[in-house]
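Trainee: Residue numbers (our numbering): 73 to 699.
For each residue, glycine too, the CB sits at the ideal point set by N, CA and C.
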C-alpha cells in the first residue's frame, strides 16, 4: 500500500509538472498571439492613416491645380484699361463671382492693382480697400515671377476668420509688376473637407503652411487654428528637416498634446511652382488604441487564469480522492483526461478564426469563432475542400501559398475572400502554417476594414447627397472621354446645368425638401442619358452631363431639351410637397469650343449664364473659344 502510494505521489508530481508545462506553453502562445495582434493593429492603423493622408493630398492637390489654372486665366483677362470699360468690368465681376461659387472652400476671388488696392472682387465689400501692408501682397510684389503660385501663411481676415491667399502676379505691357490675382481659401471650409476625409472618429487631420502656422484642424479644438508648429522637436519641424515629402511618426503631437500615430505629407505638385508648400497630417490617438488593446489582454488572460485555476483545483481534488481510495484510480484518470482536453481546447476561446485541414484542403477541425463568423457547422465542411469556399479570383493564390509551405517555406499570410453560408463573401486575413500532414489556419475577419476602405475611396470621388461623381471625378471622366474621342475622331458635348427656382424651394420648404429635389433631379438626369455618359454634381444646384459621342450640335441640343422637359416636370416628394424647378443650360462642344477640359467647362458655364439672361428654362450653345 505504501509502495502504491509512493507511486501515486510520484505520478502526481509528473501530473503537476505536465499541467505547469501546458500552462506555460499556453501562456507563451497567448502572449505571442497578443503581441502579434498588437503589431497587426498598429500596422493596420498606420496603413489606414497613410491611405487617408494620400487621398486627402490628392484632393487638395487637385484643388490647387484648379486654383492655379483659374488664376492664370484671370491674369490673362485683365488687360490695361479694362476697368474703364463698363461691359468688360461687369463681365469680369460676374466671372469672379462664378469662380468663387464653383471652387470649394473659397472665400473670395480678388484683383489688386500694383499699389495693393482691390480693383475687382467677388466680395463687393473689398473693392477699394488697400492691402499693401499684407504679406500676401508684399512678398510677390518684392519678387514677382511669371510661373510662381504664391502661397501666403495663414492670417486673420477682416472678419476674424483664418484665410490663406493663393496668388499669381499680373505684369503690365512693360513687363513690370502690375498687380495680383488672388483667391482666398477659408479655414472653415477646409475643416469640413478634412473632417470628411478622416477615416474614423478616433482620428484627427490638420493642414498647415510651410512656415508652421496651423490653418485647419479636425476635430475642432478651440485655439488650434493659428498655432505655430515650427518649434524645436515638434513633428512638423522633424518632417520639414528630414527632407522627405512623406513621413510617419509615433510621438506626442504639439497641436493637441496627444500621443499619436501620424502620417505627414508635403503638398507641393512640381508643375504648380508653389513658393511655399502646404503640410498635411492625419493621425490616430495612441492612448485610445492602447486602452482598447489592454482590455483585450485583460479579457484573454482572465479566461486563461480561470481555466488554469479550474484545472488546478480539479487536479488537486482528483489526487486527494485517489490517495483516499485506490479504487477511484480509473475515475481520477478519466477526470484527468477531461482536464487535459479542457486545456487542449483552450484555443477555442480566442476570437481568431481557426481551422485545421489536410494537405488537400479537406476539413479536420474548426473553432466556434469560425462557425459564428461564417455561419457554417462542422458538418458543412465534411468531405469538402477548403478551396471550394475561396473566391474564384483568389484560388490560385491559396494554391500558391500551399505549394510554398510544402516546399519548406515559413508560415504565409494572405488576404482572401471566403464564402459564408449565406452566400456572401467575407474578407479574411489568414495566416497559414504546415505541421506534418496538417495545415493550421488562423484568420481575422477584416470585412469592415475593407468595406471602410472602399467607402473612403467613394467619398473622395462622389457627391454625398446624390451619389453622383463630384468635380474631381468629373474632370477625370471628361479627360478620358476627350482622349477616346481624339483617337476615334468623334465629338464630345458638355452640358452645364443650373436649376431655376431652387433657392425659392429651399427658402420656402427648408433644406430637407431642397435635398429631396436635388436627389430627384439627379435620378431623372441619370435616366435620360446613356450608360456610357456621365452625370456629375459640381455643388449647390449645378450639374454637368458629359455626352461621350455626338455627331453634331443637334445631338447635344436634343439632349439639352430633354433635360429641360424632364427636370421641369412636377416632383411629388415624400413630405407631401410638390416641387417644380426649371433648368438653364450651357452647352460646349469638343473640339469646336475648346480643347481643354477646364476651358470646355468654362465655355459651358458662360453659355449657361447667357441662357439665364435669355429668360431661363432654355439652353445656349457656346460659340467661339474661351477668352
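1. Can you tell me whether residue 479 is helix, strand or coil according to DSSP?
2. Using only CA atoms, which one of 499, 513 and 498 lies nearest to residue 473?
3. I'd like the span of the alpha helix (DSSP H) that includes residue 556, first residue to last.
4. Drop a sphere of 10 angstroms on the beta-carbon of residue 284, count the other beta-carbons inside from all chains shown, and report buried for 16 or more, exposed for fewer.
5. Could I get the ranges of all uninterrupted beta strand (DSSP E) runs contained in the region 290–374, with 3 residues as the minimum, in chain order?
6. Kindly indicate which three-state DSSP category residue 210 falls into: helix, strand or coil?
7. Any chance the region 371–379 sits against the region 163–170, with 3 or more Cβ pairs inside 8 Å?
8. For the beta strand (DSSP E) holding residue 486, just list the boundary residues, first then last.
9. What runs of the alpha helix (DSSP H), each 4 residues or longer, lie entirely inside the region 168–238?
10. Is it the case that the Cβ atoms of residue 307 and residue 320 are separated by a distance below 8 Å?
11. Would you mind stating whether residue 253 and residue 143 have Cβ atoms separated by less than 8 Å?
12. Are three or more beta carbon pairs between the region 583–590 and the region 628–641 nearer than 8 Å?
13. By DSSP, does residue 572 sit in helix, in strand, or in coil?
14. From the DSSP output, read off the bridge partner residues of residue 241.
15. Give me the Cβ distance between residue 469 and residue 486, rounded to the nearest whole Å; I'm assuming they're in contact under 8 Å.
16. Between which two residues does the beta strand (DSSP E) containing residue 266 stretch?
17. For residue 678, which of helix, strand or coil comes out of DSSP?
18. Considering only their Cβ atoms, is the gap separating residue 442 from residue 461 smaller than 8 Å?
19. Quick one, which of 207, 188 and 257 has its alpha-carbon nearest residue 201's?
20. Which word fits residue 245, buried or exposed, when buried means at least 16 other C-beta atoms lie within 10 angstroms of its C-beta?
21. Taking only the alpha-carbon atoms, compute the straight-line gap between residue 415 and residue 518 and give it to the nearest angstrom.
22. Provide the residue span of the alpha helix (DSSP H) that contains residue 272, from first to last.
23. Rank 95, 329 and 133 by C-alpha distance to the C-alpha of residue 383 and give the top, closest one.
24. Could you pull out every residue in the same chain whose Cβ sits closer than 7 Å to the Cβ of residue 694, ignoring the five residues on either side in sequence?
25. Pick helix, strand or coil for residue 278, following the three-state DSSP scheme.
26. If we count the other Cβ atoms within 10 Å of its Cβ and call it buried at 16 or more, is residue 132 buried or exposed?
27. Cβ of residue 89 less than 8 Å from any chain C Cβ?
28. With DSSP as the reference, please indicate the residues paired to residue 507 in a beta bridge.
29. Which residues does DSSP pair with residue 564 in a beta bridge?
30. CB-CB under 8 Å to residue 503, same chain, minus the five flanking residues each way: which ones, in chain order?
31. When we look at the beta-carbon of residue 129 and count the other beta-carbons within 10 Å, is it buried (16 or more) or exposed?
32. Would you kindly work out how many angstroms separate the C-alpha atoms of residue 185 and residue 328, rounded to a whole number?
33. Would you mind working out which of 145, 236 and 125 sits nearest residue 272, comparing C-alpha positions?
34. Whose C-beta lies closer than 6 Å to the C-beta of residue 609 among residues of the same chain, with five residues either side of it excluded?
35. According to DSSP, simplified to helix, strand and coil, what is residue 464?
36. Quick check on DSSP: helix, strand or coil for residue 435?
Mentor: Let me lay it out:
1. coil
2. 513
3. 543–560
4. buried
5. 318–324, 331–339 and 350–357
6. helix
7. no
8. 484–491
9. 207–214
10. no
11. yes
12. no
13. strand
14. 252
15. 6 Å
16. Taken as a continuous stretch (DSSP letters only), residue 266 belongs to no beta strand (DSSP E), being part of the alpha helix (DSSP H) at 259–269.
17. helix
18. no
19. 188
20. exposed
21. For residue 415, the predicted model reports a pLDDT of 40, less than 50, meaning its position is unreliable; a value from the coordinates is still stated below. Computed Cα separation, rounded: 28 Å.
22. No alpha helix (DSSP H) contains residue 272, which DSSP labels as neither H nor E.
23. 95
24. 658, 659, 660, 665, 675, 676, 678 and 679
25. strand
26. buried
27. Although the question refers to chain C, the structure presented lacks it and comprises just one protein chain.
28. 510
29. 662
30. 483, 484, 485, 513, 514 and 515
31. buried
32. 41 Å
33. 125
34. 535, 538, 540 and 615
35. helix
36. strand
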